[in-house]
Structures are given as C-alpha cells and as structure tokens.
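Working notes, beginning with the structure itself.
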DNA sequence: TCACATTTCTGAACATGTTCAAAAAACTTC
DNA sequence: GAAGTTTTTTGAACATGTTCAGAAATGTGA
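Protein chains in written order, with the numbering used here: chain A, 64 to 296; chain B, 64 to 296.
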C-alpha cells in the first residue's frame, strides 16, 4: 500500500539489530511509559551498547516515528476487511476509528508523548511536519480509500477534502482517547459513536445546495491548514 | 478579574528573586527559544544559583506556566477596551483574537513548546490538566465576558457552551499561529478573519429552530470534552 | 538583644539524552 | 584469500534537567 520505506540499514546484520532495538523499545514503552524508558535500559535489554542504539535511531523521539509507522501498518491491515464488508461512509468510519483505538490501546500509558510534540513545529515527532510526512501520507491514504469506496453521494469539492478532514478528525479522537481514563475507554467509544453520527449528519447537511457558500468557505479554511503543513515540510 | 494567585513566596526578598528569575527566563526564552535556554543560563544571568532557580520553579516547564499566566493578563488588559467599544459578537471575537496573537508574537520562536505537552495528560504544561486549571479558568472567563456582553441573540443552550467553544477555537488558532512562518504572520491573521466570519455564520445557522436536534447533539459532544478535563483534574 | 524557626540560597552530585573518535566486524573487489 | 572500504559497535565524555543536604540570611517571639 505504500512504498515509503527504504531500507535504513546496509547489511542484514544491521537490519536485524535495528529490529531488535525497536522491538525491545516498544516492549519497554508499553510497559513503563516514555519517561521511565531510558535509552540505556533499551540498549541494555537489547544487549547492545548505548551508542549502537543511537546509530539506528537518531534520537529517542525517532523511535516513536517508528512506532507511528508500525501501528499504522497494523491498523491498515485490520481495516481492509472493513472496506470489503461495509459500503456506507458512516459504517466504514465507525469501524475504522474503533479499530484505530483498539490498535493503540496497549500503548495508552505512553501515548501522551505520542502527541506531546504534535504542536511543536521543530520536533521530528510533529505529525504535521517533515519527518512524519511519509507516515502521514499513508495515514491519509487510508481515509482516501475509506471515502472513495463508499457509496455515499457527495459534492465534488467536499469529496476532495473529506479524506484529509477525516484524518484531522481521527487525530482529534486520538487526542480524546489519550486523555480518557474511563474503564475500557468507554468514553472514547461513546464519543466515536456520537461524533460519527454527527459527522454523517453534517455531511448530509453540507451536501445541500443551499449550503454551498458556507461549504466553500469551510473548505477554503481546510485548504489553508493543508498549505501550512506544506510550508513547513 | 481573578483571585487565583496566592503568593508563592514567604518574604519580600523571595518575591523579588522569583520575579527576577521569571523575567530573566522570559527574556532568554523570547531571545533563544526553549531548548537553547538552559536553566543554568537563566540562573547565571539572573545572578542566582541553579538550585535557587529550582527553589522558585519546580521545573523548567513550570516556568511556562508562569508564562501562560503573564501573557493572559496582558491579553486581558488589552481586550477590555474592545468590550467597551464593540458590541457585536463577531467584532469582539475578531479583535480579541488579533490581540491574542499580537500578545504572543514576541515569543513565537519558542511558542512551539507552549503547546508541546498540550496533549500529554501527565505534563504540568498541559493546558487541559490540573496544574493549568487556574489559568484556564481565567482564560475561559474572558470568553464568557465576550459572549455575555454581546448583543447577538442566541439559543440558551448554545449560549451556555459558547465561551468554552470559543476558547477551544482560540486554542486552535494559536496552534495554527505556532506553525505559521509567513511574513508578519499574514496567514494567521487571514485565517482569523475567515474563521471568525465562518463562526458567525455557523452561529446564525445553529440558532435556526430547524437545527435544534443537530445543535443539541453537537453541544452534547462539547460537554463530553469538558467532562474529560474534569476527570483528569 | 538573643535564641529559635523559617525561608532563601548554594554547590555538588546524579540521571539521562546525545555525541564522537576509534575499534571490531562485515562486506567488496581484485 | 588479501587489501581496502564500508558498516556496525563500543565506551567514554559531555550537556542539561533535577535533587538534596546543608549553609547563610531573614523573620519571629521572648
């Protein structure tokens, strides 16, 4: 589905070590959270030197870049059957979001940090920034698949921006989930139910010809956000 | 306007030192940005020991808490005349947002970090979290003033949630501004113009009796976000 | 004014993210 | 298979956020 991953290592041995370090890191992160997972602990548990860990990952934050990537892949695989099964936009969106949360759930403990630097333009972790561009593209692509394969009829201008809009929305849901400490994350799932319903209605409303001016204006604003990202890429 | 600031020091001397450290820190932060402003540099320039800086500010991040507070005060003072002068919701909102950006502008360089941990529930910097509650209250209060003094007629349910909604919106604008590197921040000001207009229209639309069900549902969602904050406070 | 308590202040020590020169291992070429 | 090159790996060193025991200064009550 994506051809973005050029090999990061030059030898099989290197590849092996890189994977080892990453797996070890993800284990520790899920177990202890971000702050308490030190680079030294990762290196030690993986049986490599500290410097070696830094050979494969430029910084601790870059490990998280890899996390983005891996969970996205997982989520994608889980979502494909949904696209086979469900044909309405609403049902697709609902399922895909639920799957996203389910995919991330093991990492809730340290997920705060995932978005920690979401707002920092200089951070490599910034999902809007340059370093995250490949993952972001893949992630938005999933919503393109979601929209393009849905039966719902949409105005073309809205249809063009909808994948990106839904991606933004899904980021919002993740943000909610991060702050959600309710049992079994019940709150997040409820919010998903409600907002998906809401979005479905809003789309219907926005598709009304009478709404054209307001819709145009809204979409113009969305485009502005998109441009911003390009500018800092 | 707020009675949230209990003295943090026990003696006049302490108060003086605290202020000195804070001012020095804000100077350096505006000048060099967050990462390049070390606690040692702050202490040195302020002429105190490193440990002393930590006596008054629990951590580097807590310095930013103080920043929130100070810029809010500044923004509030600048906004009061607007509330005298402008009576329409739209005009008030427009001016208040412009003033907010103008207030923050000197700190654009390090502003990324302001919101850096916005998404991290554990961080004291988290504007939704416990530590930031006083500043957040004050900040929302400003939008209460903005709404309650406006002449615009609103459904009561919407009117109740609008201050909080506008506060969220203003956070979004700041997020945009942080990522905006256009000359004179032209983009941000344009986005403010457009979104304020958009919001004004949306409010009109939402006030339409026909929209009642959709409005109710949307407001229910907003309440959910609000509750989330309470839960982690 | 003196003794005691509290607050302010210091400097050293520690933990952790990060860098780097150089050794060891793996790979390539002839 | 040997020489040379590239990649992998190491361990020590550094910078910075943070902590802490205790000294110095300040405030308080008799």
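For every residue, glycine included, the Cβ atom is placed at its ideal position computed from N, Cα and C. From a predicted model like this one, the values you see are computed outputs, not experimental measurements.
Spanning the alpha carbons of residue 283/A and residue 269/A requires a straight line of approximately 14 Å. Burial state of residue 101/A is exposed, judged by a 10 Å Cβ sphere holding fewer than 16 other Cβ atoms. When Cβ-Cβ separations below 8 Å define contact, residue 125/B makes no contact with chain A. One Cα belongs to residue 287/A, the other to residue 107/A, and the distance between them is close to 46 Å. Flagged as an interface residue toward chain A: residue 264/B, by a C-beta distance shorter than 8 Å. For residue 225/A, same chain residues with a beta-carbon under 6 Å away, outside a window of 5 residues either side, are 210 in chain order. Any Cβ of chain B closer than 8 Å to the Cβ of residue 122/A would place that residue at the interface, and such an atom is absent.
In chain order, 280, 281 and 284 make up the part of chain A whose C-beta sits under 7 Å from the C-beta of residue 261/B. The beta carbon of residue 238/A is closer than 7 Å to those of 178 in its chain, skipping five residues each way along the sequence. For a Cβ distance threshold of 7 Å, residue set 175, 241 and 242 of chain A lies close to residue 184/B, ordered along the chain. Considering only 95/B, 118/B and 136/B, the residue with the shortest C-alpha distance to residue 172/B is 95/B. No residue range can be given for residue 245/B, since it is assigned to no alpha helix (DSSP H) and is classified by DSSP as neither H nor E. Taken in chain order, the members of the region 245-256 of chain A whose beta-carbon sits within less than 9 Å of a beta-carbon on chain B are 245, 250, 253 and 254. If you look at residue 78/A, you'll find it in the alpha helix (DSSP H) that goes 75-95.
Cβ-Cβ distances below 8 Å link residue 161/A to 252 and 255 in the same chain, with the five nearest sequence neighbours on each side left out; the list follows chain order. Distance from the CA of residue 217/A to the CA of residue 222/B, rounded to the nearest whole angstrom, comes to 32 Å. Boundaries of the alpha helix (DSSP H) around residue 102/B: 102-109.
At a cut-off of 8 Å, the C-beta of residue 277/B has a neighbouring C-beta in chain A. At a beta-carbon threshold of 9 Å, the residues of chain B lying near residue 191/A are 242, ordered along the chain.
Inside the region 147-204 of chain B, DSSP marks whole alpha helix (DSSP H) runs of 4 or more residues at positions 152-167 and 171-177, from first to last along the chain.
The shortest C-alpha to C-alpha distance from residue 151/A to any of 244/A, 82/A and 215/A is the one to 215/A. At a C-beta separation below 8 Å, residue 291/B has these neighbours in chain A: 239, 242, 243 and 250. Residues of the region 86-99 of chain A whose Cβ lies closer than 7 Å to any Cβ of chain B: none.
By the Cβ neighbour-count rule, residue 79/B is exposed, with fewer than 16 other Cβ atoms within 10 Å of its own. Residue contact check for residue 224/B against chain A: no CB pair falls below 8 Å. The three-state reading of DSSP puts residue 267/A in helix, counting H, G and I together.
The beta-carbon of residue 258/A is placed less than 8 Å from the nearest beta-carbon of chain B. For residue 131/A, same chain residues with a beta-carbon under 6 Å away, outside a window of 5 residues either side, are 198 in chain order.
For residue 78/A, there are no neighbours in chain B by C-beta distance under 7 Å, as the nearest C-beta there is about 32 Å away. If you look at residue 113/B, you'll find it in the alpha helix (DSSP H) that goes 113-119. Residue state for residue 142/A is assigned as helix, using DSSP reduced to three classes. Judged by their CB atoms, residue 228/A and residue 285/A are nearer to each other than the 8 Å cut-off. Per DSSP, reduced to three states, the secondary structure at residue 235/B is helical.
Here residue 129/A has 85 as same chain residues with Cβ atoms under 7 Å from its own Cβ, once five neighbours each way along the sequence are excluded. Residue state for residue 122/A is assigned as coil, using DSSP reduced to three classes. Straight-line measurement puts the Cα of residue 83/B at about 33 Å from the Cα of residue 207/B.
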